[in-house]
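2 protein chains.
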Amino acid sequence: MAASYPQLALSTQLCLPLYAAARGITRRYAELLSEVGLTYPQYVTMLALWDAGAPLTVGEIGARLHLDSGTLTPVLKRLESAGHVERHRDDADERRVLVEVTPAGERLRDQVADVPERAWRGTGLGMKDARELRRLLDELLAGLDASSTS
Amino acid sequence: MAASYPQLALSTQLCLPLYAAARGITRRYAELLSEVGLTYPQYVTMLALWDAGAPLTVGEIGARLHLDSGTLTPVLKRLESAGHVERHRDDADERRVLVEVTPAGERLRDQVADVPERAWRGTGLGMKDARELRRLLDELLAGLDASSTS
DNA sequence: CGTCACTATATTGTGTACAATCTATTTGTG
DNA sequence: CACAAATAGATTGTACACAATATAGTGACG
Numbered sequence: 000m001a002a003s004y005p006q007l008a009l010s011t012q013l014c015l016p017l018y019a020a021a022r023g024i025t026r027r028y029a030e031l032l033s034e035v036g037l038t039y040p041q042y043v044t045m046l047a048l049w050d051a052g053a054p055l056t057v058g059e060i061g062a063r064l065h066l067d068s069g070t071l072t073p074v075l076k077r078l079e080s081a082g083h084v085e086r087h088r089d090d091a092d093e094r095r096v097l098v099e100v101t102p103a104g105e106r107l108r109d110q111v112a113d114v115p116e117r118a119w120r121g122t123g124l125g126m127k128d129a130r131e132l133r134r135l136l137d138e139l140l141a142g143l144d145a146s147s148t149s
Numbered sequence: 000m001a002a003s004y005p006q007l008a009l010s011t012q013l014c015l016p017l018y019a020a021a022r023g024i025t026r027r028y029a030e031l032l033s034e035v036g037l038t039y040p041q042y043v044t045m046l047a048l049w050d051a052g053a054p055l056t057v058g059e060i061g062a063r064l065h066l067d068s069g070t071l072t073p074v075l076k077r078l079e080s081a082g083h084v085e086r087h088r089d090d091a092d093e094r095r096v097l098v099e100v101t102p103a104g105e106r107l108r109d110q111v112a113d114v115p116e117r118a119w120r121g122t123g124l125g126m127k128d129a130r131e132l133r134r135l136l137d138e139l140l141a142g143l144d145a146s147s148t149s
């Protein structure tokens, strides 16, 4: 008879709900964002830029979103051809590329201002649970960063 | 002066930590799974099949993992060509495809038995926090399912 | 017994993710 | 200053995700 492997049982896994919940909420955002022609990764990239209020390098965006240039470069190129951002080499350091929000990209902000509320509405997650979830995820992220760096 | 859009501030977003944490833990699993030649989606597919202890249809796997055939079909084909599963049309209903774990796929179970523990080690997430995180994610998943169905 | 709505899976096309590698700069260090 | 090591992005190749569509099989109803 085969061993039971309780540590592999689907019902005890934490990674699967995390994986499924992330895709689930991302899918919901994506439906709302398609109205303005943005994908979810494009949206969070814009969030990072809007939030900074100043041009960011590719690396700085990557640090905020935990994404590398292999993912960001094509995302930024699509945002640029859509007219939401502009990219130019930094004169002070020609290795770096500065990404700047255009006026059109700034106007996009109005159009997505209600997306978070619409996306989370109906998930049944209360304010208190949302805060607790956020705390646990931040703790997990900090742990992941710490142990991958060392 | 531009409006401040507090609901779009990175620091208040819940979707971004969720997105980043899911990719972070998936990446860690992927590093460990590469030792046996599995990707993370291939691993969770095997988990579902091992867990069921009997052949599952593509749809049944999809229901457990919240994935559709567009994602699962290529994953299952790779698992099949690696010799971990076999796929055949269900005689009773030719629309369905039954996926069965091979003896080689069964042996794989031993080799990944310690992956969850190794993946979570060092994240600093205690047993209590892990349980709480699991509860919140399940609640979120239930909410997402409920509001997408209606 | 057709046939039409429904179901299960596969295919196609677009857009990520990410490891590995490449190229152009920059920054010590002697 | 020469030049090796380090850094910032871009490129390449593989593998998801998922919407939209296509295809094939099933079942209920007239």
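Order-wise, the sequence lines are chains A and B. Following numbering that gives the first Met the number 0, the numbering of the first sequence begins with 0 at its first residue and continues without gaps. Following numbering that gives the first Met the number 0, the numbering of the second sequence begins with 0 at its first residue and continues without gaps. Note that the Cβ used here is the ideal one computed from N, Cα and C, for glycine as well. Computed from a prediction, not measured in an experiment: that's the story for all the values here.
Could you tell me how far apart the beta carbons of residue i and residue j are, in whole angstroms, since I believe they sit closer than 8 angstroms?
i: R26 (chain B); j: L13 (chain A); result: Not a contact, Cβ separation roughly 15 angstroms.
i: A21 (chain A); j: L135 (chain B); result: Not confirmed; about 13 angstroms, so no contact.
i: L124 (chain B); j: L71 (chain A); result: Rounded, the Cβ-Cβ distance is 28 angstroms, inconsistent with contact.
i: T122 (chain A); j: L143 (chain B); result: 6 angstroms
i: D90 (chain A); j: T56 (chain A); result: About 13 angstroms; that fails the 8 angstroms criterion.
i: H65 (chain A); j: A19 (chain B); result: 4 angstroms
i: G52 (chain A); j: A81 (chain A); result: Between A81 (chain A) and G52 (chain A) the Cβ distance is about 21 angstroms, and since that is not below 8 angstroms, they are no contact.
i: L78 (chain A); j: H87 (chain A); result: Wrong, their Cβ atoms sit about 14 angstroms apart, outside the cutoff.
When DSSP labels each residue in this structure, what does residue i get in the three-state scheme?
i: T25 (chain B); result: helix
i: E85 (chain A); result: strand
i: E99 (chain B); result: strand
i: D137 (chain A); result: helix
i: L124 (chain A); result: coil
i: L66 (chain B); result: coil
i: T38 (chain B); result: coil
i: D92 (chain A); result: coil
i: Y18 (chain B); result: helix
i: R32 (chain A); result: The amino acid occupying residue 32 (chain A) in the given sequence is Leu; Arg does not appear at that position. Reduced to three states, the DSSP call for L32 (chain A) is helix.
i: S154 (chain B); result: Only positions 0 to 149 of chain B appear in the structure, and residue 154 (chain B) is not among them; the question remains open.
i: V111 (chain B); result: coil
i: A8 (chain A); result: coil
i: S149 (chain A); result: Annotation note: pLDDT 48 at S149 (chain A) (below 50); position unreliable, no value reported.
i: L48 (chain B); result: helix
i: L78 (chain B); result: helix
i: L71 (chain B); result: helix
i: L132 (chain B); result: helix
i: L143 (chain B); result: helix
Starting from the C-beta of residue i, find all residues in its chain whose C-beta is less than 6 angstroms away, skip the five residues before and the five after it, and write them out in chain order.
i: M45 (chain B); result: none
i: L32 (chain A); result: Y42
i: G104 (chain B); result: H83, V84
i: R63 (chain B); result: A47
i: P5 (chain B); result: none
i: Y28 (chain A); result: Y39, A118
i: V114 (chain B); result: L31
i: R95 (chain B); result: T56, D89
i: P102 (chain B); result: none
i: A129 (chain A); result: none
With a CB to CB cut of under 8 angstroms and the five nearest residues on each side skipped, what residues in its chain are close to residue i?
i: D109 (chain A); result: none
i: D67 (chain A); result: G61
Give me whichever residues DSSP pairs with residue i in a beta bridge.
i: T56 (chain A); result: A:L97
To which residues of the same chain is residue i closer than 7 angstroms at the C-beta, ignoring the five residues directly before and after it?
i: E99 (chain B); result: P54, V84, E85
i: W49 (chain A); result: V100, R108
i: M0 (chain B); result: Any reading at M0 (chain B) is ruled out, since the residue's pLDDT is 49, under 50, leaving its predicted position unreliable.
i: T11 (chain A); result: P5
i: S149 (chain B); result: Low per-residue confidence applies at S149 (chain B): pLDDT is 47, beneath 50, and the placement is therefore not dependable enough to give any value.
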